[in-house]
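Undergrad: To start, I am sharing the structure in question, which I have written as C-alpha cells.
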Amino acid sequence: MPVVEVSHLSRHFVRNAGFLKTGTLVKAVDDVSFSIEAGETFGLVGESGSGKTTTGRCILRLIEPTSGSVRFRGEDVLGFSRRRMREARREMQIVFQDPYSSLNPMRTVGGTLAEAITTKYCNK
Numbered sequence: 000m001p002v003v004e005v006s007h008l009s010r011h012f013v014r015n016a017g018f019l020k021t022g023t024l025v026k027a028v029d030d031v032s033f034s035i036e037a038g039e040t041f042g043l044v045g046e047s048g049s050g051k052t053t054t055g056r057c058i059l060r061l062i063e064p065t066s067g068s069v070r071f072r073g074e075d076v077l078g079f080s081r082r083r084m085r086e087a088r089r090e091m092q093i094v095f096q097d098p099y100s101s102l103n104p105m106r107t108v109g110g111t112l113a114e115a116i117t118t119k120y121c122n123k
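For the sequence shown, numbering that gives the first Met the number 0 assigns the number 0 to the initial residue and increments by one for each residue that follows.
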C-alpha cells in the first residue's frame, strides 16, 4: 500500500478581473496523480508557476483541492477532521527547493538530520 496516493487532484482559482468584469478560471493544478511507496524518495519537479507548491498545500490541506482524492497510509485525507489533520501533518512534510524556506536557521545541520533519523526509527 502506498504511503501517499494522490488521484486526479485539481485546484482551480478564480482570478478577479476588476470592476464590472467577470473573473477568469486559473487551473493551478489539473488532474495530478501519483503515489509514493514506503522508503521511496519523491520529487515533484516543474517550472515556476506549474503548481508544485499548490499540489503540496492541497495534500496537506493548507488549501482545499477543487477535486480529486488524497490518501495517507490508506486513509482519506480530505475526510479528516481538523484534529486528525493536525495529527497527520506531524508525519507529512513539504521540503521546498529553496533552502532558506525549508531549513530552520535556528537549528544545526546535525540537529536537523538527527530529527529525521529519530522520527524515522522511533515512530514505528
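Virtual Cβ for every residue (Gly too), placed ideally from N, Cα, C.
Assuming contact is defined by CB atoms lying nearer than 8 Å, are V25 and F12 in contact in what I supplied?
TA: In this structure, F12 lies closer than 8 Å to V25 by Cβ.
Undergrad: The beta strand (DSSP E) that contains V35, what's its start and end?
TA: The question names Val, but residue 35 in the sequence shown is Ile. Looking at the DSSP string, the run of the beta strand (DSSP E) that includes I35 is T23 to I35.
Undergrad: Rounding to the nearest angstrom, what Cα-Cα distance links T53 and K20 in this structure?
TA: About 26 Å.
Undergrad: For I35, which residues from the same chain have a beta carbon less than 7 Å from its beta carbon, with the 5 sequence-adjacent residues on both sides left out?
TA: So the list reads P1, V2, V3 and F41, once near-sequence residues are dropped.
Undergrad: Determine whether the beta carbon atoms of G55 and A27 lie at a separation below 8 Å.
TA: Result no, Cβ atoms of G55 and A27 do not sit closer than 8 Å.
Undergrad: May I have the straight-line CA-CA distance separating N103 from T111, to the nearest angstrom?
TA: One C-alpha to the other measures close to 8 Å.
Undergrad: Between which two residues does the alpha helix (DSSP H) carrying G55 extend?
TA: G55 -> alpha helix (DSSP H) spans K51 to I58.
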